[in-house]
Amino acid sequence: MQDNVPEPRPLRKRIRSTPLLIGVLVVLSTILAVGGILATLTSQMLFNNSREALAVADIRQEIESVSERMDQATRDYILTRDPQYLTQYRDAESRLPDLWDRMAVEIDAMEGTLPNRNSQLRPLVTELHSNIDRWQSTWADVQMRRGSQATGAAVSTETLRTLTSGEQSFAEVERANEDLAEALRVIVGQNNAQRNNAGNVGLWILVVMGLISVGSGFVALRTAQRESRVEEEAREREENERRRLQAVVDNLPVPVRLASVPDGPVPLDALIAGDPAGTL
1 MQDNVPEPRP LRKRIRSTPL LIGVLVVLST ILAVGGILAT LTSQMLFNNS
51 REALAVADIR QEIESVSERM DQATRDYILT RDPQYLTQYR DAESRLPDLW
101 DRMAVEIDAM EGTLPNRNSQ LRPLVTELHS NIDRWQSTWA DVQMRRGSQA
151 TGAAVSTETL RTLTSGEQSF AEVERANEDL AEALRVIVGQ NNAQRNNAGN
201 VGLWILVVMG LISVGSGFVA LRTAQRESRV EEEAREREEN ERRRLQAVVD
251 NLPVPVRLAS VPDGPVPLDA LIAGDPAGTL
């Protein structure tokens, strides 16, 4: 009968977790975190570039306003030879050097964020600068240095030809100004579109990371519940086996003393002598 008594099972049963799944979740979370950081950095870089582009656009508009005032003052001076228009022309002209310097600073700042995208701006700024200089040197300044001419109710044919020539010369300035404005609009539009894309990517990354967090928590909870259930079942089996063994011992015709048996084989003579620890 004693040979049929099963050996007691250990109290705790170690169960295999899901390290592969946990590792995959950790790697995926890391990749998503890196992607989120890159999306944020890209969005910030695009924002900075757009801010600089808008600063360039503001300076371009000031240059346009100054050049138009210079052109209008030149026309009024041709018609009236009033010195006040000469003063207006010189006052407007004096603002140009500072505007060109500010433009160069902002272009440098733009190229510091997205150099490839803004490479087209320098040639356009150079062209605008050259057209204004050419217009001044070949027409506006020449008209301002002329002496007084007779004016009256009727404008002479020569004066009309002069004004027409001025319109044609200033048209190149206006065209270069519009080309620069259009290039800036394109850059800001591209930046805004890519910022929206980066924002969408960041939003999806947050959603996926949230799902991964929920999934990881669910896996951890299920693993803990499974381990707790296995441990409880192991304790129940041990208790049942102990009771069965105790019932067998209680029904033996001779008294038997139960003792804890160490791990490993126990010598037969030690068992016969009542020394399961094997100290004999």
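In our numbering, the protein residues as written are 1 to 280. Just so you know, even glycine gets a beta-carbon here, dropped at the ideal spot from N, CA and C.
Does Leu-184 come out as helix, strand or coil in the three-state DSSP assignment?
The count along the sequence shown starts at 1 and reaches residue 184 at position 184. Helix.
Is the beta carbon of Glu-106 sitting closer than 8 Å to the one on Glu-52?
Residue 106 sits at position 106 when you count from the first residue of the sequence shown. Residue 52 sits at position 52 when you count from the first residue of the sequence shown. Yes. Within cutoff.
Quick one: what does DSSP say Ser-165 is sitting in, helix, strand or coil?
As a first step, residue 165 must be located in the sequence shown, where it is residue number 165. Ser-165 falls in the helix class under three-state DSSP.
Could you say if the region 36-56 and the region 111-127 meet the contact criterion of at least three C-beta pairs nearer than 8 Å?
yes
Supposed close pair Leu-32, Ile-205 - CB separation, criterion 8 Å:
Mapped onto the sequence shown, residue 32 falls at position 32. Mapped onto the sequence shown, residue 205 falls at position 205. Right, their Cβ atoms sit about 5 Å apart.
Smallest Cα separation from Arg-95: which of Met-70, Asn-177, Arg-235, Ala-234?
To locate residue 95, count along the sequence shown from 1; it is residue 95. Ranking Met-70, Asn-177, Arg-235, Ala-234 by Cα distance to Arg-95 puts Met-70 first.
Output the distance between the C-alpha atoms of Ala-171 and Leu-41, rounded to the nearest integer angstrom.
As a first step, residue 171 must be located in the sequence shown, where it is residue number 171. As a first step, residue 41 must be located in the sequence shown, where it is residue number 41. When rounded, the distance between both Cα atoms is 42 Å.
In this structure, how does DSSP classify Thr-279 when only helix, strand and coil are distinguished?
Along the sequence shown, one-based indexing puts residue 279 at 279. Unreliable placement is indicated for Thr-279, whose pLDDT of 47 sits below 50; no coordinate value is reported for it.
For Ala-57 versus Leu-184, is the C-beta spacing smaller than 8 Å?
Here the question's residue 57 lines up with position 57 in the sequence shown. Here the question's residue 184 lines up with position 184 in the sequence shown. Against a cut-off of 8 Å, the Cβ pair of Leu-184 and Ala-57 comes out as a contact.
Would you say Trp-139 touches the ligand MN, meaning its beta carbon is less than 7 Å from a heavy atom?
Absence of the ligand MN from the depicted structure is noted, as is the absence of any ligand whatsoever, leaving it without description.
Taking just the CA atoms, how far does Val-27 sit from Val-125?
One-based indexing of the sequence shown puts residue 125 at position 125. One-based indexing of the sequence shown puts residue 27 at position 27. Using only the alpha carbons, I get a separation of about 48 Å.
Could you check if Leu-160 is buried or exposed, using at least 16 other CB atoms within 10 Å of its CB as the buried criterion?
Numbered from its first residue, the sequence shown carries residue 160 at position 160. When all chains shown are included, Leu-160 counts as exposed.
Please report the distance separating the alpha-carbon of Trp-100 from that of Gly-23.
Taking the sequence shown and counting its residues from 1, one reaches residue 100 at position 100. Taking the sequence shown and counting its residues from 1, one reaches residue 23 at position 23. Cα-Cα distance, rounded: 57 Å.
So, at 7 Å on beta carbons, what are the nonlocal neighbours of Glu-111 in its own chain, with the 5 sequence-adjacent residues on each side left out?
Taking the sequence shown and counting its residues from 1, one reaches residue 111 at position 111. Cβ neighbours of Glu-111 beyond the five flanking positions: Asn-118.
By how many angstroms is the C-alpha of Gly-166 removed from the C-alpha of Ala-198?
For this step, residue 198 is matched to residue 198 along the sequence shown. For this step, residue 166 is matched to residue 166 along the sequence shown. Taking the straight line from one Cα to the other gives about 48 Å.
What do you reckon, are the CB atoms on Leu-121 and Ala-176 nearer than 8 Å?
Within the sequence shown, the letter at position 121 stands for residue 121. Within the sequence shown, the letter at position 176 stands for residue 176. For Leu-121 and Ala-176, no; Cβs fall outside 8 Å.
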